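*Asks:* Sharing a structure, written as structure tokens. Questions coming.
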Amino acid sequence: MTVEQSPDAIIRVRDVTVQFGRTRVLDGLDLDVKRGEILGFVGPSGAGKSVLTRTIIGLVPKLSGNIEVFGVDLDAADSATRRSIERRWGVLFQQGALFSSLSVRQNIQFPAREYLKVSQRLLDEIMVAKLVMVGLKPEVADRFPSELSGGMIKRVALARALALDPELVFLDEPTSGLDPIGAGDFDELVRTLQRTLGLTVFMVTHDLDSLHTACDRIAVLGDGKVIAAGSMADMQASEHPWLRQYFHGKRARAVMG
Amino acid sequence: MKSGPTLERNAQGDALMLRASGAWTASFAPSLEKLVAEAEKLAGSKPDVSIDVSEISKLDTFGAWLIERLRRSFTRGTVEAKVDGLSATYASLVDEVRRVTPAPDDEAAAVTVAGMLDQIGRTVAGVFGTIAALIDMLGAVIVASARVFLHPRSFRLTSTVHHLEQVCWRAVPIIVLITFLIGCIIAQQGIFHFRRFGADIFVVDMLGVLVLREIGVLLVAIMIAGRSGSAYTAELGSMKMREEIDALRTMGFDPIEVLILPRMLALVIALPILAFLGDIAALYGGGLVAWLYGGVQPEAFLLRLRDAISIDHFKVGLLKAPVMAAVIGIVACVEGLAVQGSAESLGRHTTSSVVKGIFFVIVMDGVFAIFFAAVGM
Numbered sequence: 011m012t013v014e015q016s017p018d019a020i021i022r023v024r025d026v027t028v029q030f031g032r033t034r035v036l037d038g039l040d041l042d043v044k045r046g047e048i049l050g051f052v053g054p055s056g057a058g059k060s061v062l063t064r065t066i067i068g069l070v071p072k073l074s075g076n077i078e079v080f081g082v083d084l085d086a087a088d089s090a091t092r093r094s095i096e097r098r099w100g101v102l103f104q105q106g107a108l109f110s111s112l113s114v115r116q117n118i119q120f121p122a123r124e125y126l127k128v129s130q131r132l133l134d135e136i137m138v139a140k141l142v143m144v145g146l147k148p149e150v151a152d153r154f155p156s157e158l159s160g161g162m163i164k165r166v167a168l169a170r171a172l173a174l175d176p177e178l179v180f181l182d183e184p185t186s187g188l189d190p191i192g193a194g195d196f197d198e199l200v201r202t203l204q205r206t207l208g209l210t211v212f213m214v215t216h217d218l219d220s221l222h223t224a225c226d227r228i229a230v231l232g233d234g235k236v237i238a239a240g241s242m243a244d245m246q247a248s249e250h251p252w253l254r255q256y257f258h259g260k261r262a263r264a265v266m267g
Numbered sequence: 004m005k006s007g008p009t010l011e012r013n014a015q016g017d018a019l020m021l022r023a024s025g026a027w028t029a030s031f032a033p034s035l036e037k038l039v040a041e042a043e044k045l046a047g048s049k050p051d052v053s054i055d056v057s058e059i060s061k062l063d064t065f066g067a068w069l070i071e072r073l074r075r076s077f078t079r080g081t082v083e084a085k086v087d088g089l090s091a092t093y094a095s096l097v098d099e100v101r102r103v104t105p106a107p108d109d110e111a112a113a114v115t116v117a118g119m120l121d122q123i124g125r126t127v128a129g130v131f132g133t134i135a136a137l138i139d140m141l142g143a144v145i146v147a148s149a150r151v152f153l154h155p156r157s158f159r160l161t162s163t164v165h166h167l168e169q170v171c172w173r174a175v176p177i178i179v180l181i182t183f184l185i186g187c188i189i190a191q192q193g194i195f196h197f198r199r200f201g202a203d204i205f206v207v208d209m210l211g212v213l214v215l216r217e218i219g220v221l222l223v224a225i226m227i228a229g230r231s232g233s234a235y236t237a238e239l240g241s242m243k244m245r246e247e248i249d250a251l252r253t254m255g256f257d258p259i260e261v262l263i264l265p266r267m268l269a270l271v272i273a274l275p276i277l278a279f280l281g282d283i284a285a286l287y288g289g290g291l292v293a294w295l296y297g298g299v300q301p302e303a304f305l306l307r308l309r310d311a312i313s314i315d316h317f318k319v320g321l322l323k324a325p326v327m328a329a330v331i332g333i334v335a336c337v338e339g340l341a342v343q344g345s346a347e348s349l350g351r352h353t354t355s356s357v358v359k360g361i362f363f364v365i366v367m368d369g370v371f372a373i374f375f376a377a378v379g380m
């Protein structure tokens with residue numbers, strides 16, 4: 011534990027290096043995510059945004075560096091501590107990662123059924139509440155993931171990520187594959203949840219609309235490091251060539267008006 | 004940690020006041036549910052009910068829903084329960100759960116006689132469906148072969164060679180090992196029992212006929228059904244799940260021609276080769292045991308073997324091999340293409356590919372036995 015630890019940082023990434031074979035994906039990366047904020051994480055395709063997410067949640071081993079979530083170094087933590095931390099976060103994977111042999115109902119109830127000893131009635135009611143929250147009708151509860159559209163899979167996966175009312179959610183490209191209205195609703199939903207549940211959101215995204223409407227702060231990944239972090243205005247003022255292209259391109263102008 | 008949730012009940016005259024406090028969150032859900040269930044028993048006892056939530060320190064979806072459940076159970080006809088002291092932070096969450104309508108019931112199918120008969124009927128119909136699917140696939144493969152024969156440039160040589168490596172070359176060590184061991188065991192058992200009649204040397208006749216006619220090819224076919232049939236089903240099944248087969252089709256390729264024909268051809272070439280190697284390994288193993296355990300000298304073994312078996316025995320075995328390969332391949336491909344969206348379905352079809360493959364191999368072996376007896380081979 012270092013001395014400079016700020017109490018409001020929910021995720022602290024220090025000097026993290028990740029390497030696959032000979033390719034160095036993350037190279038001494040530093041990042042703080044503050045409690046209660048929505049951090050949008052952008053960068054060119056293949057820059058390692060998903061790799062960083064997966065490194066933080068412990069799916070990808072790191073070569074060196076230090077990651078603390080909720081003030082706990084997950085590498086040093088024992089398995090009980092790890093589990094209690096994992097209960098406090100929810101993850102939305104890029105492809106949804108729903109369990110294909112379970113129905114929507116069972117998918118959403120899965121974490122709660124494993125962790126909480128509550129009645130089937132409450133599980134069902136909470137499941138419906140989560141479905142309504144992510145903008146789906148309760149009728150989809152008995153469908154299987156292979157019978158859902160891409161956007162519905164995203165929503166069900168978000169409902170599952172929120173099943174235990176986590177404090178921190180990781181969203182990997184949540185709005186990709188959603189229609190613009192659906193994506194807008196999704197951003198609004200993330201905002202609402204963040205306000206009501208005091209949620210902290212770590213969102214990997216490509217969607218300029220999401221960055222604009224949902225995110226409090228934006229971090230940009232390039233060359234294995236965070237090359238810029240700050241508000242939308244900071245990003246637009248930046249002179250970095252990739253940032254200029256990204257935030258002043260044709261699509262960006264259309265979004266910002 | 005945080006203080007647990009409580010729900011105080013306060014009855015004054017016509018009014019009932021429920022005061023919720025503490026953390027109403029998922030981690031306390033089990034005790035919260037009990038609290039709410041207790042309080043719900045008072046529903047209808049007082050006309051004027053209010054729920055005070057100002058003391059709640061933390062609220063999430065679980066807590067908000069249980070407050071909402073409480074409110075609904077106290078709301079009877081014209082009497083509406085009030086929720087007081089809701090802080091602005093949580094107001095939108097409570098609004099959110101207010102939109103929830105109780106869950107539709109999970110309809111569990113009751114076990115009835117009609118239901119059981121229905122199930123039996125479906126299973127029987129399924130048998131015909133399976134046979135129809137196999138014949139359908141056989142036809143499709145023959146048509147695709149004819150097309151490739153007419154246009155040899157559309158033949159996928161690289162793919163065929165790749166599959167040949169997978170199902171033939173890489174299978175050699177395990178096939179040779181297993182058939183060698185089986186040859187050893189047959190010889191040992193034969194010598195052990197024949198010795199009582201002083202008929203040791205007839206073990207060579209038994210070994211030769213059994214291995215060349217039946218055991219060699221049957222064993223190899225069963226192992227290939229388990230090894231390559233399952234792999235084919237799993238490969239095609241996961242391609243089906245990821246819509247790769249649909250993608251091929253939309254690009255104007257015939258999945259039968261691109262995916263199935265090379266696999267079938269590789270199997271049909273591989274099985275006779277493996278059966279031949281298996282025959283040799285089993286005879287070698289049997290000869291070794293006959294020499295070391297039974298004292299039959301190698302020269303005597305070879306002499307006896309030459310008398311005992313004819314080329315017909317060998318031909319019978321190898322003629323069966325390509326047919327069995329085709330059966331295994333067709334079953335594996337039909338099962339692979341029948342996979343639906345879930346991981347469970349992939350597992351089910353892979354299992355059934357192996358089970359049906361082995362079943363049809365044994366059925367074919369019986370048919371061949373009758374056929375060869377009729378033609379006198």
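Chains A and B supply the protein sequences, listed in that same order. If you want my numbering, it's the 1-based position in the first sequence plus 10. If you want my numbering, it's the 1-based position in the second sequence plus 3. Beta carbons are placed, not taken as given, at the ideal position from N, Cα and C, and that holds for glycine. Because the structure is a prediction, the values reported are computed rather than measured.
In the DSSP assignment, the alpha helix (DSSP H) including I70/B goes from what residue to what residue?
*Replies:* 64-77
*Asks:* Have a look at E338/B, R230/B, I373/B and flag the residue whose alpha-carbon is nearest the alpha-carbon of W172/B.
*Replies:* R230/B
*Asks:* My guess is that G194/A and D219/A are in contact by the Cβ rule of under 8 Å, so how many angstroms apart are they, rounded?
*Replies:* 7 Å
*Asks:* Hey, does V138/A have any beta-carbon neighbour from chain B nearer than 7 Å?
*Replies:* Proximity of V138/A to chain B, defined by a Cβ-Cβ separation below 7 Å, is satisfied.
*Asks:* Comparing alpha-carbon positions, which option in A311/B, P50/B, T161/B lies nearest A269/B?
*Replies:* T161/B
*Asks:* For G7/B, which option in A29/B, M20/B, A273/B has the closest C-alpha, if you only look at C-alpha atoms?
*Replies:* A29/B
*Asks:* Is there a Cβ of chain A sitting closer than 7 Å to that of S382/B, yes or no?
*Replies:* Here chain B comprises residues numbered 4 to 380, so residue 382/B is not present and cannot be evaluated.
*Asks:* Who are the Cβ neighbours of L213/B in its own chain at under 8 Å, not counting the five residues just before and after it?
*Replies:* I189
*Asks:* Give a yes or no on whether the C-beta atoms belonging to K235/A and L49/A are separated by under 7 Å.
*Replies:* no
*Asks:* Listing by chain order, which chain A residues have their CB less than 9 Å from the CB of T92/B?
*Replies:* Correct list: R205, T206, G208.
*Asks:* If you check the beta carbons only, do A167/A and L209/A fall under 7 Å apart?
*Replies:* no
*Asks:* Report buried or exposed for G339/B, applying the criterion of at least 16 other Cβ atoms within 10 angstroms of its Cβ.
*Replies:* buried
*Asks:* What residues match up with S24/B in a beta bridge as DSSP calls it?
*Replies:* T9/B, E58/B
*Asks:* Under a three-way DSSP split, which group does K140/A fall into?
*Replies:* helix
*Asks:* By the three-class DSSP mapping on this structure, what secondary structure does F158/B have?
*Replies:* coil
*Asks:* Does any residue of chain B have a CB that is nearer than 7 Å to the CB of K127/A?
*Replies:* yes
*Asks:* Could you tell me how far apart the beta carbons of I314/B and L274/B are, in whole angstroms, since I believe they sit closer than 8 Å?
*Replies:* That belief does not hold up - the Cβ atoms of I314/B and L274/B are roughly 20 Å apart, past 8 Å.
*Asks:* For S60/B and chain A, any beta-carbon pair shorter than 7 Å?
*Replies:* no
*Asks:* Do we get a CB-CB distance below 7 Å when we pair G344/B with the residues of chain A?
*Replies:* Yes, G344/B lies at the interface with chain A (some Cβ there is under 7 Å from its Cβ).
*Asks:* Report yes or no: is there a C-beta of chain A within less than 7 Å of the C-beta of M4/B?
*Replies:* Residue placement at M4/B cannot be trusted, given a pLDDT of 46 that sits under 50; the coordinates are not used to answer.
*Asks:* Tell me, please, which residues DSSP counts as bridged to E78/A.
*Replies:* R22/A, D83/A
*Asks:* Please report the straight-line C-alpha distance between L62/B and D88/A, rounded to a whole angstrom.
*Replies:* Each residue's Cα considered, the two are about 29 Å apart.
*Asks:* To be precise: take each residue of the segment 231-258 of chain B, compare its Cβ to all Cβ atoms of chain A, and keep it if any distance is under 7 Å. Which residues remain?
*Replies:* none
*Asks:* Excluding five sequence neighbours on each side, which residues of the same chain lie with their C-beta closer than 8 Å to the C-beta of R254/A?
*Replies:* Annotation for R254/A: S248 place their beta carbon closer than 8 Å to its own, counting only its chain and skipping 5 residues before and after.
*Asks:* Within the 7 Å Cβ cut-off, does V39/B reach chain A?
*Replies:* no
*Asks:* Would you report the Cα separation of V128/A and Q246/A, rounded to the nearest angstrom?
*Replies:* 49 Å
*Asks:* Quick one: which chain C residues come within Cβ less than 9 Å of L178/A?
*Replies:* You won't find chain C in this structure, because its protein chains are A and B.
*Asks:* Helix, strand or coil for I163/A per DSSP?
*Replies:* helix
*Asks:* Give me the residue from G161/A, G145/A, A239/A, T65/A with the minimum Cα distance to K44/A.
*Replies:* A239/A
*Asks:* I want to see whether chain A comes within less than 7 Å of T64/B, judged by CB atoms only; does it?
*Replies:* With 7 Å as the cut-off, T64/B counts as an interface residue toward chain A.
*Asks:* Only counting the same chain, and skipping five residues up and downstream in sequence, which positions put a Cβ closer than 6 Å to that of E78/A?
*Replies:* The residues are R22.
*Asks:* Any Cβ of chain A within less than 7 Å of the Cβ of R22/B?
*Replies:* no
*Asks:* Taking all protein chains shown into account, decide if E260/B is buried (16 or more other Cβ within 10 angstroms of its Cβ) or exposed.
*Replies:* Result: buried.
*Asks:* Relative to the C-alpha of H53/B, which residue among R125/B, I70/B, G360/B is closest?
*Replies:* Before going on, a small fix: residue 53/B reads as Ser here, not His. Among R125/B, I70/B, G360/B, the Cα nearest to that of S53/B is on I70/B.
*Asks:* Secondary structure at I48/A, three-state DSSP: helix, strand or coil?
*Replies:* strand
*Asks:* Specify, as a first and last residue, the run of the beta strand (DSSP E) that D182/A falls within.
*Replies:* 178-182
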